[in-house]
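Mapped onto this note's numbering, the consecutive letters of the sequence shown carry residue numbers 295 to 885. Just so it is clear, CB atoms sit at the ideal spot from N, CA and C, and this is done for glycine as well. Below: one structure, written as structure tokens.
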Amino acid sequence: MKILPTRAASVSRQGLCTALLVASLTAAVGVSPPHNTADADDPAKDPKNPQGMPHGTPNLTLPDLRPKGRPGLPGTPGAGKEDSKDAATGIPATALDAYRKAAQRAAADMPGCHMPWELIAGIGQVETQHATYNGARMTSDGTTDKPILGPQLDGNGFATVKDTDQGRWDGDTVYDKAVGPTQFLPSTWAQYGADGNGDGVKDPNNVYDAALGTAKYLCAGGKDMNRPEDLDRAILSYNNSRSYVNAVTEWMRAYQQGNVPSLPDLPGVPSGNTPSGNTPSGNAPSGGTPSKKPQPSKPVPPSPGGSTGTTPGKPEKPSKPEPNKPDPGKPDPGKPDPSKPDPGKPTPPAPQPSRLERVGSDKAWEEVNAGETFKERAQVLVKDKSGKPVAKARVRFVVSGDGAAFTDGSTEKTVDTGKDGTAEAPQVTAGLKIGKVKVTATVVGYGLPAVEFTGTVSVREADRVIRVGDPSLKADPNGAFADRFTVKVLAKDGKDVAGSAVTATVTKADGTTPATEDGKAVGPYFKGPDGKRTWRLEAGTTDKDGVLKLPELLTDAKSGDYVLTVTAGGKVYAFHLTVKAPTAELPTPKA
């Protein structure tokens, strides 16, 4: 296997011995008890794993070797002020939010993995400089505005990987290419792709999806990032190069030290460390035409301003100044044209969110019944320091509460603010249990205090309980009733009562005496949550149609007459039951 080439800036680090690297990994993580990592889906155990083969030339510059430069992103107005941010360890706000959200999801879905967001960020930095390589930037939902593609994997300097996605993601129907902010191969994405932003699409070009997919891939096979050997295997499975492991780990450690400013989402400036063959020129490739084979390109050192657009050694000839000749039909060149920006003055920075405010009354929403929809909507206003509204700020709304969700069934939505700085969430449908519902609004990428909206869920008053269907009321001993008993709860106006708590009780024939002997259930019985027999069961709550089907009712060896009483909201319905073995038919006497 061909190991990927490294950068000159990282040459001084390549002499690190294995022992020092293991010590570095150990310091970067905690300690976790041994566990089984032999799961079949572990890509680290597959020697033919295409993701680990040479599929591009990553940026292996280490954080402590990057040119420090002046603080702030190059060209950012105000760079050098006391509140400026260090671009060397800063991360664009959207990417930083994506990494953190991916780690939170991983903690919920794969708690044994102990995935740090800093590891995902290390991958993002080494692969594409957090999705900013070659001037790429992210739209409001986290998708890059142009594809970030690796070279065609035709075996010419890299691995040979035939097309697996019919060009869907990489535009190449002959060979595959690495795709997106974390450079997934299409075949790897097909297995580990994720929907990190909740839009219903798994897109490797979206930093939220790519970050969560990276977490899933690294954790696959039961790996635990608190174990240095698992961390090492996980990174090697992404790119089978010791230099790559070293670079990702160093960046992870740099981020874990805490100096990680959230940088504005501005177009990234290439560092000059990644060859142009690793990304397209900015035009998306055609889905039906295979890409050309990559040709070695001559390195172009960056100019003092950070641009790579000028060929060294051949400075542009200055144009000869022309005498001013005012044209009556054109603006006087000596006076600024108000219709065009003055190129001599820096463009003022876009307003940044500084405050998040609630729109409308601060009172709780009007109470609704279980399963119904709140008429109110969560609406917020984003302002800058001067109190002016901020447009195109990304606001995330999250619903919490037992069973509550937006009307489309989701519990999380991200909405851009309009020109007036406001963003509004969809309506919320209550769950089927009494309690509180809360919608929390936050500005993505900014640590502003959240705004909360609350509502209360109640249950309609029950007027009657009726039977659904025509179940058999007889059963044999040591068996079960053939039908599960189903009831429906109705309100006084005849409407269904959703969310009504139902209790089922088995009594003797008088309808009041519990069907027990010596404290133990006898006759018909349910199995409780602990698996033991019980004559009384909290059966659950009615669904949106006011219906509940009871668990299976079993019988023991005791025959007799019994009553099953179903109670909801103080109203009852009684089933009269009989447990008796069938009588054997006597043979008909012969004449």
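Where does Glu610 land, buried or exposed, given buried means 16+ other C-beta within 10 angstroms?
Position 316 of the sequence shown, counting from 1, holds the residue named residue 610. Any answer about Glu610 is weak, because its pLDDT of 42 lies below 50 and its placement is not dependable; what the coordinates show is given next. Result: exposed.
Which residue comes first and which comes last in the beta strand (DSSP E) that contains Lys732?
To locate residue 732, count along the sequence shown from 1; it is residue 438. First-last of the beta strand (DSSP E) with Lys732: 729–737.
Could you give the distance in angstroms between the alpha-carbon of Arg521 and the alpha-carbon of Lys730?
Counting from 1 along the sequence shown, the entry for residue 521 is found at position 227. Counting from 1 along the sequence shown, the entry for residue 730 is found at position 436. Near 41 Å, if we compare the C-alpha coordinates of Lys730 and Arg521.
Among Val692, Ile385, Gln673, Thr711, which has the Cα closest to the Cα of Tyr890?
Residue numbering for the chain in the displayed model covers 295 to 885; residue 890 lies beyond these limits and cannot be assessed.
Less than 8 Å between the beta carbons of Gly481 and Asp489, yes or no?
Locating residue 481 in the sequence shown gives position 187, counting from the first residue. Locating residue 489 in the sequence shown gives position 195, counting from the first residue. According to the sequence displayed, residue 481 carries Ser and not Gly. Not closer than 8 Å, so no.
For Glu746, I'd like the list of residues in its chain whose CB is within less than 8 Å of its CB, leaving aside the five on either flank, ordered along the chain.
Counting from 1 along the sequence shown, the entry for residue 746 is found at position 452. So the list reads Lys732, Val733, Thr734, Ala735, once near-sequence residues are dropped.
Can you tell me the Cα-Cα spacing of Glu670 and Trp829, whole angstroms?
Mapped onto the sequence shown, residue 670 falls at position 376. Mapped onto the sequence shown, residue 829 falls at position 535. Near 44 Å, if we compare the C-alpha coordinates of Trp829 and Glu670.
Restricting to Cα atoms, I'd like to know which of Gly436, Lys339, Ser535 is closest to Val420.
For the purposes of this step, residue 420 is taken as residue 126 along the sequence shown, with counting starting at 1. Val420 has its Cα closest to that of Ser535, out of Gly436, Lys339, Ser535.
Applying the criterion that 16 or more other CB atoms from any shown protein chain within 10 Å of the CB defines a buried residue, is Asp855 buried or exposed?
Indexing the sequence shown from 1 puts residue 855 at position 561. Looking at its Cβ environment, which holds fewer than 16 other Cβ atoms inside 10 Å, Asp855 is exposed.
Can you check which of these residues, Lys789, Lys440, Thr355, is closest to Val759 by C-alpha distance?
The count along the sequence shown starts at 1 and reaches residue 759 at position 465. The residue with the shortest Cα to Cα distance from Val759 is Lys789.
Quick check on Gly725: buried or exposed, where buried means 16 or more other Cβ atoms within 10 Å of its Cβ?
On the sequence shown, position 431 is the one that residue 725 refers to. Label assigned to Gly725: buried.
I need the DSSP call for Gln673, collapsed to helix, strand or coil.
Walking along the sequence shown from the start, residue 673 turns up at place 379. In this structure, Gln673 counts as strand in the three-state DSSP scheme.
Could you check what DSSP says for Ala756 in three-state terms: helix, strand or coil?
In the sequence shown, the residue the question calls residue 756 occupies position 462. Here Ala756 sits in coil by DSSP.
Which class does Ser601 belong to by DSSP, given the choice of helix, strand or coil?
Counting from one through the sequence shown, the residue named residue 601 turns up at place 307. The predicted model places Ser601 with a pLDDT of 34, which falls under 50 and marks its position as unreliable, so this point remains unresolved.
Is it buried or exposed, Pro445, if we count other Cβ atoms within 10 angstroms and call 16 or more buried?
Against the sequence shown, residue 445 aligns to sequence position 151. Pro445 should be labelled buried.
What's the call for Arg527, buried or exposed, on a 16-neighbour Cβ count within 10 Å?
In the sequence shown, the residue the question calls residue 527 occupies position 233. Buried, by the Cβ-count rule.
Name, in chain order, the residues that DSSP records as bridge partners for Ile385.
Taking the sequence shown and counting its residues from 1, one reaches residue 385 at position 91. Note: Ile385 sits in a beta bridge opposite Ser556.
Grab the span of the beta strand (DSSP E) containing Lys782 for me, first residue to last.
In the sequence shown, the residue the question calls residue 782 occupies position 488. It spans 780–784 - the beta strand (DSSP E) in which Lys782 sits, taken as one unbroken run.
Classify Glu412 as helix, strand or coil using the three-state DSSP reduction.
What you label residue 412 is simply residue 118 of the sequence shown in a count that begins at 1. Note: Glu412 maps to helix in three-state DSSP.
For Pro405, which of Gly516, Asn499, Val684, Gly793 has the nearest alpha-carbon?
If you number the sequence shown from 1, residue 405 lands on position 111. Looking at the Cα atoms, Gly516 is the closest of the given residues.
Could you check the C-alpha separation between Gly369 and Lys395 for me, to the nearest Å?
To locate residue 369, count along the sequence shown from 1; it is residue 75. To locate residue 395, count along the sequence shown from 1; it is residue 101. Bear in mind that the predicted position of Gly369 carries a pLDDT of just 32, short of 50, making it unreliable; the figure below should be weighed with that in mind. The straight-line gap from Cα to Cα measures roughly 29 Å.
Can you have a look at Asp503 and say buried or exposed, based on whether 16 or more other CB atoms are within 10 angstroms of its CB?
Within the sequence shown, residue 503 is the residue found at index 209, counting from 1. The residue is buried, with at least 16 neighbouring Cβ atoms inside 10 Å.
Check whether the Cβ atoms of Asp757 and Lys838 sit closer than 8 Å, and answer yes or no.
Within the sequence shown, numbered from 1, the residue matching residue 757 stands at position 463. Within the sequence shown, numbered from 1, the residue matching residue 838 stands at position 544. No, they are not a contact pair.
In whole angstroms, what is the alpha-carbon distance linking Asp435 and Lys786?
Along the sequence shown, one-based indexing puts residue 435 at 141. Along the sequence shown, one-based indexing puts residue 786 at 492. So the alpha carbons of these two residues sit roughly 48 Å apart.
Based on Cα-Cα distance, which residue from Phe452, Asp439, Trp483 lies nearest to Thr458?
Walking along the sequence shown from the start, residue 458 turns up at place 164. It is Trp483 whose Cα lies nearest to the Cα of Thr458.
Measure the alpha-carbon distance for Lys657 versus Ala425 and round it to whole angstroms.
As a position in the sequence shown, residue 657 is number 363, starting the count at 1. As a position in the sequence shown, residue 425 is number 131, starting the count at 1. Approximately 42 Å, taken between the alpha carbons.
Taking only beta-carbon atoms, is Ala795 less than 8 Å away from chain C?
Chain labels in this structure do not include chain C; a single protein chain is all it has.
Look at the alpha carbon of Met519 and the alpha carbon of Pro823, and state the distance between them as a whole number of angstroms.
Along the sequence shown, read from residue 1 onward, the residue named residue 519 stands at position 225. Along the sequence shown, read from residue 1 onward, the residue named residue 823 stands at position 529. Using only the alpha carbons, I get a separation of about 36 Å.
For Arg536, name the three-state secondary structure that DSSP assigns.
The sequence position of residue 536 within the sequence shown is 242, counting from 1. Note: Arg536 maps to helix in three-state DSSP.
For Ser694, list the residues DSSP reports as bridge partners.
On the sequence shown, position 400 is the one that residue 694 refers to. Lys732.
Helix, strand or coil for Gly623? Go by DSSP, reduced to three states.
Within the sequence shown, the letter at position 329 stands for residue 623. Confidence at Gly623 is low in this model, with a pLDDT of 48, below 50, so the placement of that residue should be treated as unreliable; the coordinate-derived value is given next. In the structure shown, Gly623 sits in coil (DSSP, three-state: anything other than H, G, I, E or B).
CA-CA distance, Lys852 and Thr872?
Position 558 of the sequence shown, counting from 1, holds the residue named residue 852. Position 578 of the sequence shown, counting from 1, holds the residue named residue 872. Cα to Cα, the separation comes out at about 11 Å.
Got a sec, what are the start and stop residues for the beta strand (DSSP E) Val841 sits in?
Along the sequence shown, read from residue 1 onward, the residue named residue 841 stands at position 547. Element bounds for Val841: 841–843.
Could you spell out where the alpha helix (DSSP H) holding Leu512 opens and where it closes?
Position 218 of the sequence shown, counted from the start, is the residue given in the question as residue 512. 501–513 is the span of the alpha helix (DSSP H), which, as asked, contains Leu512.
Find out if the Cβ-Cβ distance for the pair Met546, Leu354 is shorter than 8 Å.
In the sequence shown, residue 546 corresponds to position 252, counting from 1. In the sequence shown, residue 354 corresponds to position 60, counting from 1. For Met546 and Leu354, no; Cβs fall outside 8 Å.
Starting from the C-beta of His408, find all residues in its chain whose C-beta is less than 7 Å away, skip the five residues before and the five after it, and write them out in chain order.
Here residue 408 corresponds to residue number 114 of the sequence shown, with the count starting at 1. Once the five neighbours on either side are set aside, the close Cβ partners of His408 are Ser326, Asp518, Met519, Asn520.
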